[in-house]
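Student:
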Amino acid sequence: MKYVIVAIRLIFLAVAVKVLSKFAEVFQLQNEKTIRVRNGELQVPIIVLENDEGRILELRGMIHIGDEIFYKTHLEEIRDRERQGYVVTYEGVRPMSAHVRKKLTTLERQVLQQIDFVFKYRDELVAALKISKQGDILKPQEDWIRTDMTLRELVQRLAEEDAHLIEPELLKLIEWAESLKEGPESAEVVEKKCASIDRSLMNMPYSDWANRWLEYLSPNIWRTKQIILTERNGGALNTLYQILSSRNTVATWGAAHLPGMIEDLASRGFQETNRRWLTVYTSRSKKRSI
Numbered sequence: 025m026k027y028v029i030v031a032i033r034l035i036f037l038a039v040a041v042k043v044l045s046k047f048a049e050v051f052q053l054q055n056e057k058t059i060r061v062r063n064g065e066l067q068v069p070i071i072v073l074e075n076d077e078g079r080i081l082e083l084r085g086m087i088h089i090g091d092e093i094f095y096k097t098h099l100e101e102i103r104d105r106e107r108q109g110y111v112v113t114y115e116g117v118r119p120m121s122a123h124v125r126k127k128l129t130t131l132e133r134q135v136l137q138q139i140d141f142v143f144k145y146r147d148e149l150v151a152a153l154k155i156s157k158q159g160d161i162l163k164p165q166e167d168w169i170r171t172d173m174t175l176r177e178l179v180q181r182l183a184e185e186d187a188h189l190i191e192p193e194l195l196k197l198i199e200w201a202e203s204l205k206e207g208p209e210s211a212e213v214v215e216k217k218c219a220s221i222d223r224s225l226m227n228m229p230y231s232d233w234a235n236r237w238l239e240y241l242s243p244n245i246w247r248t249k250q251i252i253l254t255e256r257n258g259g260a261l262n263t264l265y266q267i268l269s270s271r272n273t274v275a276t277w278g279a280a281h282l283p284g285m286i287e288d289l290a291s292r293g294f295q296e297t298n299r300r301w302l303t304v305y306t307s308r309s310k311k312r313s314i
């Protein structure tokens, strides 16, 4: 039984990387347009777009867990853009108060339980790999503009469509395995876990097999993708277009959102003028060799 529990945990943790960040990063990665691996480094782009009026949008691709230096570099560069007069916008569902949680329907509570579970494993990934969460370093400032749904709105939309991040039956299985765990994990188990997660991160751009796993986790994945990607993109873009009518703008959004956003921006006359890549995460083997 002990080995069955370990196997379930390792399998889920390998897949959890695909489900995290704000959940979106892994749902629609198109080849290497918005995420890639080079020499043991997971990278995402900073893409500059400009329209005929000279208005500039700087899209900063995000993965919501990564090496500390990645978020510190973004913070330093964003501060520089602010000094240049840019408006800063960002992705991030607003938290839900305990008062609002009490008013949720049964189906909404089930959806929220899945979201809470994903965040729990995000925190476990961060601890296991000794990396950072975006929100711990790249903290939104008071004058930054959030262009995302609230958590309440996201939960409501997922519940309306009966869309799941994780199928309830699988969630019960994982929680059952968790309940049988006895004491702290051995160093050997922790090492296997880290190695599994590391391989998953290095395979993120090649997501065909990941999408098959996600379809197993949630057969209604298409509806989930529509809400988490398309609907959230639409709300963000509506706000961005309003700001861009008079100001240059920086937008930090999950890497999987960028292809759809760029397509919409192109239809409104914004063309890419520059692209550079930042390293989100360096593989453990490369870190050891440095």
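Mapped onto this note's numbering, the consecutive letters of the sequence shown carry residue numbers 25 to 314.
Glycine is no exception: its CB is placed at the ideal position from the N, C-alpha and C atoms.
(1) Let me confirm a value: Asp140 is counted as buried when at least 16 other C-beta atoms fall within 10 Å, else exposed. Which label applies?
(2) Measuring CB atoms only, is the region 267-279 touching the region 106-117, in the sense that at least three cross pairs come out at less than 8 Å?
(3) Assign Tyr145 to one of three DSSP states: helix, strand, or coil.
(4) Which word fits Arg300, buried or exposed, when buried means at least 16 other C-beta atoms lie within 10 angstroms of its C-beta?
(5) Can the beta-carbon of Met285 be found less than 9 Å from the beta-carbon of Leu261?
(6) Regarding Arg62 and the ligand COA, is the C-beta to nearest heavy atom distance less than 8 Å?
(7) Run through DSSP, which three-state label would Ile87 get?
(8) Taking all protein chains shown into account, do 16 or more other C-beta atoms lie within 10 angstroms of the C-beta of Asn298, making it buried, or fewer, making it exposed?
(9) The beta strand (DSSP E) spanning Tyr305 covers which residue range?
(10) Enumerate in chain order the residues of its own chain whose CB-to-CB distance from Leu175 is below 7 Å, with the five nearest sequence positions on each side excluded.
(11) Three or more C-beta pairs under 8 Å: does that hold for the region 212-228 against the region 150-157?
(12) Rounded C-beta distance between Val304 and Leu128? I'm assuming under 8 Å.
Tutor: With the structure as the only source:
(1) exposed
(2) yes
(3) helix
(4) exposed
(5) yes
(6) By its list of ligands, the structure shown contains no ligand whatsoever, and the ligand COA lies outside what it can speak to.
(7) coil
(8) exposed
(9) Gln295 to Thr306
(10) Val117, Arg118, Pro119 and Met120
(11) yes
(12) Not confirmed; about 33 Å, so no contact.
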